[in-house]
Structure formats: structure tokens, C-alpha cells
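Worksheet: one structure, shown below.
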Amino acid sequence: MSDLGCMAERIIRMALDEDLGSGDATTDAVVDPDLRGEAWLIAREDLILAGLPVFKRVFYELDAEIKFEENQMDGDLIAADTRVCLLRGRLASILRGERTALNFLQRMSGIATLTRRYVDRAMPHKVKILDTRKTAPGLRWFDKYAVRMGGGFNHRFGLSDGVLIKDNHIAAAGSISRAVQLAKQHAPHTLRIEVEAEDLAGVEEACRAGADAILLDNMQPAELLKAVEMIKGAALIEASGGITLDTIKDVAGTGVDMISVGALTHSPKAADFSLEIIPKTDTLAV
Numbered sequence: 031m032s033d034l035g036c037m038a039e040r041i042i043r044m045a046l047d048e049d050l051g052s053g054d055a056t057t058d059a060v061v062d063p064d065l066r067g068e069a070w071l072i073a074r075e076d077l078i079l080a081g082l083p084v085f086k087r088v089f090y091e092l093d094a095e096i097k098f099e100e101n102q103m104d105g106d107l108i109a110a111d112t113r114v115c116l117l118r119g120r121l122a123s124i125l126r127g128e129r130t131a132l133n134f135l136q137r138m139s140g141i142a143t144l145t146r147r148y149v150d151r152a153m154p155h156k157v158k159i160l161d162t163r164k165t166a167p168g169l170r171w172f173d174k175y176a177v178r179m180g181g182g183f184n185h186r187f188g189l190s191d192g193v194l195i196k197d198n199h200i201a202a203a204g205s206i207s208r209a210v211q212l213a214k215q216h217a218p219h220t221l222r223i224e225v226e227a228e229d230l231a232g233v234e235e236a237c238r239a240g241a242d243a244i245l246l247d248n249m250q251p252a253e254l255l256k257a258v259e260m261i262k263g264a265a266l267i268e269a270s271g272g273i274t275l276d277t278i279k280d281v282a283g284t285g286v287d288m289i290s291v292g293a294l295t296h297s298p299k300a301a302d303f304s305l306e307i308i309p310k311t312d313t314l315a316v
């Protein structure tokens, strides 16, 4: 993620514009614009780090002279009270970027930490934990990167990345068979065709239609076992729908290839960080 790309940079600039507006009234009034110093980024809980390049980029957008000394890297498991990164530069610039930088880092590390919990719970089964498109509007690039840092895998980034025929598509087309037939006729041949099945009858119809992958939606483990036996390697198998940390191990044990979890990105708990300016010792003596 060293090269963030134009999309990520636009998101960062928009977030800074949102927070700064016409300026930082407090910092402008209280802090000498030329005063230099240091600040520590500190993890306040055990977490998986994700988003440090984004965190740094926020400050670079404000002041290209800010320097960083990184003690950790994205994907690392970090213990509470770990000093992650040291910032050096104009304190006014650090203060202006603090909240925006932490907002990105806390969300992304929260996603990565939650993802790792799902990945660990699914072991030792060889199943991929996938995200979904249930991301924060405008932050999908960051959200999906964070999932990868937690050991998960990305599903479609957007609607153009694959054919996923869901219940409303089936309703519009008339049946699973008809929807798959139309997809084969009209979708680019390079795209995999996946179709949702809500019961075993739907699984049988999807197999007959020749789907490349079948999404088993909201099935209990016993039903998932029967579906896996029916498919018998004829298609990739994805389980989805209401899967939690309490249920994922049982789902993983059914033999599915992938498990998609919307909660990874639609309801993560923000990871706890603080950014603390190091007091100047020479100001303590009066």
C-alpha cells in the first residue's frame, strides 16, 4: 500500500476538507506555526494494525516535512500500550491532521482485528473468509484493504467484477435456470457466474444450470452439509447470511470453500489509538 493511488488520495483530501474547512480555529490561535516537536502514536488495546500508510498520508497532505519512525507495520498483531510510530515536525500540522488520521486508522484496524478473529475461529478448516460490498460509502478501497490485513479475502470490489445472481435478480428473470442462462449469453466470458440458493431445491437447479459458484444463503450447518454433498465439486461453494463468531466454526466445518461476512465492514468496532505530543522538558522549569 506504499503507493496509495489517486482514489485513496482523493478520499484523504476530502476528509481533510471536511474537518478543516477554512482552518483549525484552536490550533491557529494557540500554537506557534513554526513550533516543532514529536508525538507518539500508541495502540491502547490488542489489535491488528491496518492503515498506517493512510495515517501517514493524511499528514503529508498537510505538511510534506513531517517525518515518521515506524516500529510496526500493517498486518502486525500489536499489544496494548505499544508505541507504533513516532512523528516529528510542526506541531500545528500534527494537530490539524490528528483526528482525520486517527479516524482512518481506527476504522481500518478495527476491521482487520475483527477479520482476524473470524479467520482464527474458522481454523483449522481450509476456508476463505470473504468480505462483501457492505462497506462505508466512499471507503470501500480502505475497508477491503483492511480485510486483507486481517487475513481475509476480498469478494467483488464493485458490480462490474463478477456476476452474482441474487434473489431479486432471480425474481426479475423468473427462475435460477433462466437467470444463469441469460448471464451465460450476455455477461463477458471472463467473469465467473455465481448464483444464490436459499434451499436445496435451489442448489439442485443451480447445479443443473451450470453455475460456476453457488452462494448458500442463510442455511444451517445440517443443510449446508447436504448442499455440499449435492454439489460434489461441480461448483465453488460460498456460505453467507448471518454468520457470527459463534457460528463460523460450525459453518467452516461443513466443507464450503468460502464464507462471506458482511459484519467485517458494516459493523466493526473502532480500534483504540491515541496520538500524544511529547512534552518539552525545557518548558517544565520556570
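If you read the sequence shown in the working numbering, its first letter stands for residue 31, the second for the next number, and so on.
Positions of the beta carbon are idealized from the N, C-alpha and C atoms, including for glycine.
Checklist entry - Should alanine 209 go down as buried or exposed, given a rule of 16 or more other Cβ atoms within 10 Å for buried? => result Answer is buried; the Cβ neighbour count reaches 16.
Checklist entry - Cα separation between asparagine 184 and alanine 241? => result Using only the alpha carbons, I get a separation of about 20 Å.
Item to check | Enclosing alpha helix (DSSP H) for arginine 178 [first to last residue] | outcome: Unbroken alpha helix (DSSP H) run through arginine 178: 170-179.
Checklist entry - arginine 87: which of Asn101, Ala59, Leu117 sits nearest, CA to CA? => result Looking at the Cα atoms, Leu117 is the closest of the given residues.
Next on the checklist: I want to see whether chain C comes within less than 9 Å of threonine 162, judged by CB atoms only; does it?
Outcome noted: In the displayed structure, chain C is absent; only one protein chain is listed.
Item to check | Check whether glutamate 128 and cysteine 115 have beta carbons under 9 Å apart | outcome: No, these two residues do not count as a Cβ contact at 9 Å.
Item to check | Exposure label - valine 316; buried when at least 16 CB within 10 Å | outcome: Its pLDDT being 32, under 50, valine 316 is placed unreliably by the model, and the measurement read from it follows with that caveat. Exposed.
Checklist entry - Mapping DSSP to helix, strand and coil, what is aspartate 111? => result DSSP places aspartate 111 in coil when its eight states are reduced to three.
Item to check | For phenylalanine 89, the three-state DSSP class (helix, strand or coil) | outcome: The answer is helix: DSSP assigns phenylalanine 89 an H, G or I state.
Checklist entry - CA-CA distance, isoleucine 78 and asparagine 101? => result Cα-Cα distance, rounded: 14 Å.
Checklist entry - Is there contact between the region 59-79 and the region 130-149, where contact requires at least three CB pairs shorter than 8 Å? => result Taking 8 Å as the limit for Cβ pairs, the verdict is that the region 130-149 does touch the region 59-79.
Next on the checklist: Cutting at 8 Å between CB atoms, please list the residues of its own chain near threonine 112, excluding the five before and the five after it.
Outcome noted: Ile72, Ala73, Asn101, Gln102.
Next on the checklist: Is it the case that the region 153-172 contacts the region 203-222, given that we only count it when at least three CB pairs across the two stretches are under 8 Å?
Outcome noted: Three or more Cβ pairs closer than 8 Å define a contact, and the region 203-222 falls short of that threshold against the region 153-172.
Checklist entry - Bridge partners of leucine 305, per DSSP? => result Leucine 305 is bridged to Leu71.
Checklist entry - Is leucine 246 helix, strand or coil by DSSP? => result DSSP places leucine 246 in strand when its eight states are reduced to three.
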